[in-house]
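One structure below.
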Amino acid sequence: MALTLEDVRRVARLCRLDLSTRDEARMREQLDAILVYMERLQSLDTSDVEPLAHVHDVTCPQREDEVTASLTGEWAGTPFCVPKVIGGE
Amino acid sequence: MSELTSLSLTEVASKLEAKEVSSEELTRACLARIAAVDGKLGAFVRVDEEGALAAARASDERKERLGPLDGVPVGLKDLFSTKGLETTASSRILEGYRPPYDATVVTRLLDVGAVVLGKLNMDEFAMGSATTFSVSGPTRNPWDTARTPGGSSGGSAAAVAARLCFATLGTDTGGSIRQPAALTGTAGLKPTYGRVSRRGVVAFASSLDQVGPLGRSVRDVATVLEVIAGHDPRDSTSMDVPPIDMNAAFGGDVRGLKLGVPAEYFPAVGTNPEVLAVVRTAIDALAKQGAEVVDVELPHTDYGIACYYIVAPAEASSNLARYDGVRFGRRADAAQLEDMYARTRSEGFGPEVQRRIMLGTYVLSAGYYDDYYLKAQRVRALVKRDFDRAFEKVDAILTPTSPVTAWPIDRQSENPVEAYLADVFTVGANLAGLPGMSVPCGFSEDGLPIGLQILGKPFDEATVLRVAHAYEQAHDWHLREPAAG
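Protein chains in written order, with my numbering: chain A, 7 to 95; chain B, 88 to 572.
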């Protein structure tokens with residue numbers, strides 16, 4: 007099933023990109039070509055494998071729940087003053 | 088002056104040790120060479136002359152050297168956070184960004200006295216294989232300046248090939264160290280996933296990215312690797328494993344080693360036959376040196392690109408969500424927050440980055456996640472399984488690094504898939520988390536470098552280096568210098 011312009015617009019909204027009409031059309035064409043290439047994965051039988059998210063057999067390392075220094079040195083104790091995100095300089 | 092820059096890192100370290108040369112002389116020699124030659128190449132995007140000379144003088148003043156890298160000028164791909172020194176990942180969205188800290192690998196280099204000359208050009212956010220997707224323009228291959236040096240660590244590779252510095256750091260997510268090394272006749276190594284800390288490295292795909300060195304010889308690369316490798320508690324994907332056994336890497340030869348050759352990496356179509364012939368000659372040479380060459384099978388090789396180009400963009404879409412114009416980097420003018428986000432990102436990201444973010448977002452979105460992303464993760468397990476099985480029979484695997492030699496910069500493929508296929512021999516090692524190295528093994532008829540790729544078992548960089556070093560020392564490909572400059 008070919009990718010539509012509506013698909014492109016939906017995805018662009020999700021990832022906060024602002025595509026012009028011309029960019030939308032080109033994006034649709036290029037993404038469609040890529041997705042057609044990806045179809046080949048469907049022909050593989052993957053029923054006996056688990057999805058591999060991480061190459062090593064490890065779990066997230068943890069540390070003791072102790073308070074350690076966070077901001078140190080030149081940053082310690084300073085408040086952060088930043089320009090307004092909307093309407094700032 | 089030019090003779091100094093022609094020396095290897097190992098030779099230069101020796102001269103520094105013997106006080107035959109000073110770090111300041113070396114640094115000035117590199118800076119002069121950059122000034123003379125880099126205008127044609129575009130390897131460096133930022134040269135920190137002041138910082139480099141200060142570090143060089145500090146090195147010369149030290150009574151005891153901190154190690155072999157003390158006083159040696161090096162370059163860093165522009166996605167390594169360098170405190171106070173602009174770091175952009177070759178993207179408009181990070182123009183002017185000065186990190187408040189150094190990446191762990193940068194700290195490790197500075198702690199042993201390395202002299203950082205500056206930051207090197209790359210494909211934006213490490214997405215590309217030609218160093219043509221950069222806000223600074225392309226980097227050119229020193230062997231033929233009309234051609235690409237490969238990518239995304241093209242600046243890192245070109246700088247070494249053109250003798251602008253003695254080693255560089257790059258990153259490799261789908262081949263971005265090994266492929267440019269192959270296309271520029273240099274040595275480049277991607278470590279096992281987790282061997283080197285990623286803290287402070289601008290992230291592309293977190294389960295695939297690895298930092299690695301490029302240099303003129305296997306020994307040069309190993310010297311830098313030894314400094315940057317090691318567990319970092321501040322990178323939770325960094326592995327606490329024993330250090331690389333450098334005695335094993337450089338103390339032996341290839342006699343008794345079993346080297347696997349997968350037929351899938353020598354395909355009849357899609358690959359330059361000259362490349363295959365030159366690589367086969369290199370493999371024969373290793374056999375003559377006493378290694379046993381064995382056929383192995385990696386049956387899911389052809390699915391690697393599809394798998395990689397789902398997983399990597401998916402992870403990238405997540406990692407690049409942080410560039411929202413709020414906390415750092417570029418911020419567009421807008422009256423509403425949503426507009427600010429969209430305008431910042433659309434103005435700040437180049438076309439390839441936008442394409443990959445869109446692709447990644449699509450394959451993760453509701454209704455498509457199972458068919459694309461989860462499916463790709465299962466295929467990734469199959470790719471890894473292929474390698475695990477092959478490594479039951481052999482100690483290392485030999486392949487061509489790149490299916491083609493360096494191509495013309497102005498020959499941009501209209502079809503993105505065609506461009507992606509250039510990574511066919513390199514993505515496997517990233518998907519499986521394996522160490523891999525490219526070393527020069529010859530030239531094409533028209534004088535373009537060709538690389539031999541050596542893949543190893545997880546955390547067995549020692550065997551990879553051993554095979555690479557033994558091959559290298561029996562030939563002189565790595566001593567050849569390009570004409571450019």
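From the three backbone atoms N, C-alpha and C, an ideal C-beta is built for every residue, glycine too.
Cα-Cα separation, residue i to residue j
i	j	result
leucine 128(B)	arginine 265(B)	19 Å
arginine 584(B)	aspartate 51(A)	No answer is possible for residue 584(B): it lies beyond the span of chain B, which begins at 88 and ends at 572.
asparagine 359(B)	threonine 218(B)	21 Å
glutamine 297(B)	leucine 521(B)	10 Å
proline 236(B)	glycine 447(B)	27 Å
valine 161(B)	glutamate 56(A)	42 Å
glutamine 48(A)	alanine 549(B)	38 Å
valine 366(B)	lysine 277(B)	20 Å
aspartate 458(B)	serine 109(B)	59 Å
threonine 271(B)	asparagine 228(B)	7 Å
glutamate 35(A)	glutamine 441(B)	14 Å
lysine 91(A)	valine 413(B)	Looking at the sequence shown, residue 91(A) is not lysine but valine. One C-alpha to the other measures close to 6 Å.
glycine 523(B)	glutamate 505(B)	24 Å
serine 178(B)	arginine 418(B)	13 Å
alanine 557(B)	aspartate 340(B)	6 Å
alanine 44(B)	alanine 31(A)	Only positions 88 to 572 of chain B appear in this structure, which leaves residue 44(B) out of reach.
threonine 368(B)	proline 490(B)	16 Å
glycine 262(B)	asparagine 517(B)	8 Å
arginine 234(B)	leucine 535(B)	10 Å
arginine 443(B)	aspartate 332(B)	38 Å
glycine 391(B)	aspartate 319(B)	30 Å
isoleucine 35(B)	valine 193(B)	With chain B represented from 88 up to 572, any question about residue 35(B) goes unanswered, as that position is not in the structure.
methionine 33(A)	valine 14(A)	7 Å
valine 124(B)	glycine 93(A)	45 Å
tyrosine 188(B)	lysine 170(B)	4 Å
alanine 254(B)	aspartate 307(B)	7 Å
leucine 23(A)	alanine 408(B)	11 Å
9 Å Cβ cutoff, residue i in contact with chain B
i	result
glycine 93(A)	yes
alanine 39(A)	yes
arginine 28(A)	no
CB contact below 9 Å: residue i versus chain A
i	result
methionine 88(B)	Unreliable positioning characterises methionine 88(B) in this predicted model, as indicated by a pLDDT of 43, which lies under 50. The coordinate reading is nonetheless provided below. False, the Cβ-Cβ gap to chain A never drops below 9 Å.
phenylalanine 436(B)	yes
threonine 271(B)	no
alanine 448(B)	In the sequence on display, residue 448(B) carries threonine and not alanine. Output row for threonine 448(B): interface = yes.
proline 573(B)	This structure does not reach residue 573(B), given that chain B is present from 88 up to 572, and the question cannot be answered.
arginine 149(B)	no
arginine 430(B)	yes
isoleucine 264(B)	no
isoleucine 484(B)	no
methionine 445(B)	yes
methionine 427(B)	yes
lysine 462(B)	yes
serine 433(B)	yes
serine 239(B)	no
valine 159(B)	no
asparagine 406(B)	no
valine 413(B)	yes
serine 178(B)	no
isoleucine 370(B)	no
alanine 421(B)	yes
proline 545(B)	yes
cysteine 394(B)	yes
arginine 417(B)	no
glycine 520(B)	yes
Supposed contact pair residue j and residue i - C-beta distance, whole angstroms, cut 8 Å
i	j	result
leucine 153(B)	leucine 196(B)	The Cβ separation is near 11 Å, so there is no contact.
cysteine 117(B)	leucine 251(B)	6 Å
threonine 488(B)	glutamine 540(B)	4 Å
phenylalanine 220(B)	phenylalanine 291(B)	Contact doesn't hold; Cβ gap of about 12 Å is too wide.
Residue i Cβ short of 8 Å to the ligand NAP heavy atom set
i	result
threonine 324(B)	In the structure shown, the ligand NAP is absent, as is every other ligand, since no ligand is present at all.
Residues from the segment 53 to 78 of chain A in contact with chain B, defined by Cβ distance under 8 Å: For the segment 53 to 78 of chain A, the residues whose beta carbon sits under 8 Å from a beta carbon of chain B are, in order, Val55, Glu56, Pro57, Leu58, Ala59, His60, Val61, His62, Val64, Cys66, Pro67, Arg69.
Members of the segment 11 to 22 of chain A that neighbour chain B once the beta carbon cut-off is set at 9 Å: From the segment 11 to 22 of chain A, only Asp13, Val14, Arg16, Val17, Ala18, Arg19, Leu20, Cys21, Arg22 have a Cβ closer than 9 Å to chain B.
Against chain A: residues of the segment 317 to 333 of chain B by CB proximity under 7 Å: From the segment 317 to 333 of chain B, only Ser323, Met326 have a Cβ closer than 7 Å to chain A.
Ranges of the beta strand (DSSP E) found wholly within the segment 211 to 275 of chain B, counting only runs of at least 3: Runs of the beta strand (DSSP E) inside the segment 211 to 275 of chain B: 254 to 259.
Segments assigned beta strand (DSSP E), at least 3 residues, entirely inside the segment 315 to 390 of chain B: Runs of the beta strand (DSSP E) inside the segment 315 to 390 of chain B: 345 to 349, 379 to 383.
Whole beta strand (DSSP E) elements within the segment 130 to 177 of chain B, 3-residue minimum: Those beta strand (DSSP E) runs which fall completely within the segment 130 to 177 of chain B and span 3+ residues are 131 to 134, 160 to 164.
Contact set between the segment 296 to 307 of chain B and chain A, restricted to residues whose Cβ is under 9 Å from the partner: Cβ contacts with chain A: none found.
Start-end ranges of the alpha helix (DSSP H) lying completely within the segment 386 to 433 of chain B, minimum 4 residues: Complete alpha helix (DSSP H) runs here, min 4: 391 to 406.
Interface positions of the segment 489 to 513 of chain B facing chain A (Cβ-Cβ less than 7 Å), listed along the chain: Listed in sequence order: Asn502, Pro503, Val504.
Near-chain A residues of the segment 464 to 479 of chain B - C-beta to any C-beta below 7 Å: If the cut-off is 7 Å between Cβ atoms, the segment 464 to 479 of chain B has Gln464, Arg465, Val466, Arg467, Ala468, Leu469, Lys471 near chain A.
Whole beta strand (DSSP E) elements within the segment 7 to 49 of chain A, 3-residue minimum: Here no run is fully enclosed.
Every unbroken beta strand (DSSP E) within the segment 505 to 546 of chain B, with a cutoff of 3 residues, ordered by chain: Within the segment 505 to 546 of chain B, the complete beta strand (DSSP E) segments of 3 residues or longer fall at 523 to 530, 536 to 543, listed in chain order.
Near-chain A residues of the segment 120 to 140 of chain B (beta-carbon distance less than 9 Å), N- to C-terminal order: Here the close residues number zero.
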